[in-house]
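Trainee:
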Amino acid sequence: MRRKRTLILTTVLAVAAAGTTWIALPASAAAPTASLRTVSDWGNGWQDEVTVSNTGAAGMTAWKVEFDLPSGAKIGSFWDAQMTVSGQHVTFANQGWNGTLAVGAKATFGFVGSGGRPTNCKINGLPCNGVVSPTTAVPTTTAATTTPTVKPTTVAPTTVAPTTSTPKADVPPASNLLPVTVTNKTGRSENVFLYLLGVNLATGKLGYVNAAGTFTAWTGGAATPVPAPDVSIPGPANGGSTTIKMPKGLSGRLYMSFGQKLDFRITTDGLVQPAPWAGGDPNHDILFDWSEFTLDAGGLFLNSSQVDMFAVPHIVSITNGAGTELSTGRLKSGGRQNVINTIKANADFAKSVITRADGTVLRVLAPGKAADAGLMSPTYLDSYINTAWNAYTGKNLTVVPFGDQPNNKFLGRTSGNVMNFTDTTGKTVASFTKPSTSNVWGCDGALGAPNDQVVGPIARTLCAALTRGTLGTLDTQPSGTAADFYKNNPADVYAKAVHENMVDGKAYAFAFDDVQNQESLVHDGDPRLATITMTPF
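For the sequence shown, the residue numbers in mature numbering (1 follows the signal peptide of the UniProt record, and there is no 0) are -29 to -1, 1 to 508.
1. Taking contact to mean 3 or more Cβ pairs, one atom from each stretch, closer than 8 Å, check whether the segment 428 to 441 and the segment 237 to 247 are in contact.
2. Alpha carbons only, please: which of Val74, Leu500, Ala268 and Leu225 is nearest the one belonging to Pro205?
3. Suppose only complete runs of 3+ residues qualify. What are the beta strand (DSSP E) ranges in the segment 277 to 322, listed by chain order?
4. In the DSSP output, what is residue 514 paired with across the bridge?
5. Can you give me the Cβ contacts of residue 509 inside the same chain, cut-off strictly under 7 Å, excluding the 5 residues immediately before and after it?
6. Just reading off the alpha helix (DSSP H) that Ile94 is part of, what are its end residues?
7. Leaving out five residues on either side along the sequence, give the residues of the same chain with a beta carbon under 8 Å from the beta carbon of Trp34.
8. What's the gap between the Cα of Asp475 and the Cα of Ala468?
9. Quick one: what does DSSP say Leu418 is sitting in, helix, strand or coil?
10. Can you have a look at Arg327 and say buried or exposed, based on whether 16 or more other CB atoms are within 10 angstroms of its CB?
11. In this structure, what does DSSP give as the bridge partners for Arg335?
12. Output the distance between the C-alpha atoms of Ala173 and Leu221, rounded to the nearest integer angstrom.
13. Out of curiosity, what's the CA-to-CA distance linking Ala501 and Pro143?
14. Determine the direct distance from the alpha carbon of Ala29 to that of Gln277, and round the result to whole angstroms.
15. Closer than 6 Å by C-beta to Thr154: which residues in its own chain qualify, once you throw out the five before and the five after it? Chain order, please.
16. Excluding the 5 residues flanking Pro284 on each side, which residues of the same chain have their C-beta closer than 6 Å to its C-beta?
17. Spell out the partners DSSP gives Ile215 in its beta bridges.
18. Where does the unbroken alpha helix (DSSP H) through Thr438 begin, and where does it stop?
19. Could you tell me the boundaries of the beta strand (DSSP E) in which Gly169 lies?
20. Just mark Lys340 as buried or exposed, buried being the case when its beta carbon has 16 or more other beta carbons within 10 Å.
21. With distance defined between alpha-carbon atoms, name the residue in Thr62, Val56, Trp68 and Ser42 nearest to Gly87.
22. Within the continuous alpha helix (DSSP H) that includes Ala5, where are the two ends?
23. The alpha helix (DSSP H) spanning Ala462 covers which residue range?
24. Hey, would you say Ser402 sits closer than 9 Å to Asn391, going by beta carbons?
25. Please state the DSSP three-state secondary structure of Ala(-16).
26. Out of Trp50, Asn291, Ser146 and Gln18, which one is the CA nearest neighbour of Pro89?
27. I think Val493 touches Thr299, with their Cβ atoms under 8 Å apart; what is that distance to the nearest whole Å?
28. Give me the residue from Ala344, Val287, Gly223 and Ala362 with the minimum Cα distance to Asn171.
29. According to DSSP, is Thr408 part of a helix, a strand, or is it coil?
30. So does the segment 437 to 446 actually touch the segment 454 to 473, counting three or more Cβ pairs closer than 8 Å?
31. Val56 to Cys92, Cα distance in whole Å?
32. Suppose the cutoff is 8 Å on Cβ atoms and the five residues either side in sequence are ignored; what does the same chain contact list for Ala347 look like?
33. For Ala362 and Pro428, I'd like the C-alpha separation in whole angstroms.
34. According to DSSP, is Val469 part of a helix, a strand, or is it coil?
35. Buried or exposed for Ser304, going by 16 or more other Cβ atoms inside 10 Å?
36. Just to confirm before moving on: does the CB-CB distance between His60 and Phe80 stay below 9 Å?
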């Protein structure tokens, strides 16, 4: 599950666990202590956990933890506590079921936030005698949106399954170096450059892989990003193929660029990857795209991604030990131009089509990236979000996040700007403040999904429903089929257009498009060959 999750994220995203800081009350208080630790940090957001311990001489019947947030910072989702906010002052109080603590007992709650960290901590009105624990930063200077590369645990697919071929006779042997063949059927004459980049899952180091499959960690970075060495691999000419090796234990991206090499930068602890939606990015005028993958003990997870942008159409395929090929990502005939025409025809989205001076359409930006670049309204979805959120002031939203666990459900009700979720016993297990348009596009902020089995799955379900426009009309989530999606007004025209122009209807048009298995991902536990085929445009 996401960044955007019980999964291995790609290349630039890493989870950072921080040490625990115990913040004790003065001895005269003789009551609780508070332990706050950062569970993860993904650059543009973080997850914190607070443990309240009764270290006093008598039982407690209630507790309250409060702190201040710096300007611009905010809390999104939270769980196992009640939250009130006054300006930048945040107060968490116990739920009805976890306020009573015997001597030595503990209660834990958590929250997802963005921006600066809490200060001026108090517990039960007394100073905590410290500040929140320091965090370990993610090894990157960009917070690029990524997509999952592990199999989601959501409901059964509602679109066509990945294409399955008849078995092949010439299956490569099993190996810790997986052959990856990149085929160029684009009809374009430019030189192609390939980059195989990722994180070594055994060491956590970011690095690159050469054509023979050797991983090398990045070195020589500085506090101010410096140019990375040229680690490009010559790619195939039109009509040709190039085969490289991918080592087992790698999660990352395979980039393909046309006519010009990509510009990467390295820092002391990370990699700055191409972000052509950002002002001044040196890759803005380069035609390029990427696929995302994880190759580990569970096999190969490989997907094409449109989470950030739609650029170079390509099919991703895996051939397994039985010789069967699984594939997805094939566009309908003329599909790329159809997407471009659809976006250009919509006044709200039209500026997200990026064209080079020579007339080449380089990419269509996903709405979140377009909004970040000032190319579309940052409040585009606000009216729909308000309507959908308020729909549950008088009725329940039922979330059943796991298709194989129909009895594992949560009921949501909106009170003010907060949607609270209870489990089947009536216990409040998660709360979400009303998200902004930006939160929906990024599935972050108020919709931040921690790596757990309750809050995270609810968050991803909410984000998928809001993006697809079904929240407020379909009161059990996830539900419906692809035919029910993107009928709201205003709608995500980008995601709709990309999905409609795929042969199997599958795409990664937003971070949690894997909810209901709508994503363009293939997986096999016994991969023998991976193929990326760039198709005509």
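Even for Gly, the Cβ is constructed at its ideal location relative to N, Cα and C.
Everything numeric in this text was worked out from a predicted model, so none of it was measured.
Mentor: This is what the structure holds:
1. The segment 428 to 441 vs the segment 237 to 247: no contact.
2. Ranking the options by Cα distance to Pro205, first place goes to Leu225.
3. Fully enclosed beta strand (DSSP E) runs of 3 or longer: 285 to 291 and 296 to 299.
4. Summary: the structure shown does not reach residue 514, with the chain confined to residues -29 through 508, and so no result is reported for it.
5. No answer is possible for residue 509: it lies beyond the span of the chain, which begins at -29 and ends at 508.
6. Note, Ile94: premise wrong, no alpha helix (DSSP H); beta strand (DSSP E) at Thr90 to Ile94.
7. Correct list, in chain order: Pro3, Val23, Ala64, Asn65, Gly70, Leu72, Ala78, Ile94 and Asn95.
8. Going by the C-alpha atoms only, they are around 13 Å apart.
9. Residue state, collapsed to three classes: helix.
10. Answer is exposed; the Cβ neighbour count stays below 16.
11. Per the sequence shown, the amino acid found at residue 335 is Val instead of Arg. Answer by DSSP bridge pairing, in chain order: Phe281 and Val324.
12. Between Ala173 and Leu221, the C-alpha separation is close to 8 Å.
13. Rounded to whole angstroms, Ala501 and Pro143 show a C-alpha spacing of 11 Å.
14. Their backbone Cα atoms lie some 56 Å apart in a straight line.
15. Excluding sequence neighbours, Thr154 sits near Ser212 and Thr504.
16. Leu302, Arg307, Thr506 and Phe508, listed in sequence order.
17. Answer is Val151, bridged to Ile215.
18. Run containing Thr438: Val426 to Arg439, per the alpha helix (DSSP H) assignment.
19. Membership of Gly169 in the beta strand (DSSP E) is indicated by the continuous run Val163 to Asn171.
20. By the 10 Å Cβ count, Lys340 comes out buried.
21. Ranking Thr62, Val56, Trp68 and Ser42 by Cα distance to Gly87 puts Ser42 first.
22. Careful: Ala5 lies outside any alpha helix (DSSP H), inside the beta strand (DSSP E) at Pro3 to Asp12.
23. Here Ala462 belongs to no alpha helix (DSSP H), and DSSP marks it neither H nor E.
24. Cβ distance < 9 Å, so Ser402 and Asn391 count as in contact.
25. Residue confidence is low: Ala(-16) scores 34 on pLDDT, short of 50, so the model does not pin down where it sits. No coordinate-derived value is stated.
26. Minimum Cα distance to Pro89 is reached at Gln18.
27. Between Val493 and Thr299, the beta carbon gap of about 6 Å places them in contact (Cβ cut-off 8 Å).
28. Closest option to Asn171, Cα to Cα, is Gly223.
29. Helix.
30. Counting Cβ pairs under 8 Å, three or more are found: they touch.
31. Cα-Cα distance, rounded: 14 Å.
32. It should be pointed out that residue 347 corresponds to Met in this sequence rather than to Ala. Closer than 8 Å at the Cβ level, and outside the excluded window around Met347, lie Asp319, Phe320, Lys322, Ser323, Pro338 and Ala341.
33. Spanning the alpha carbons of Ala362 and Pro428 requires a straight line of approximately 21 Å.
34. Of the three classes helix, strand and coil, the one that applies to Val469 here is helix, per DSSP.
35. Exposed, since its Cβ has fewer than 16 Cβ neighbours within 10 Å.
36. It is not a contact, given that the beta carbons lie outside the stated cut-off.
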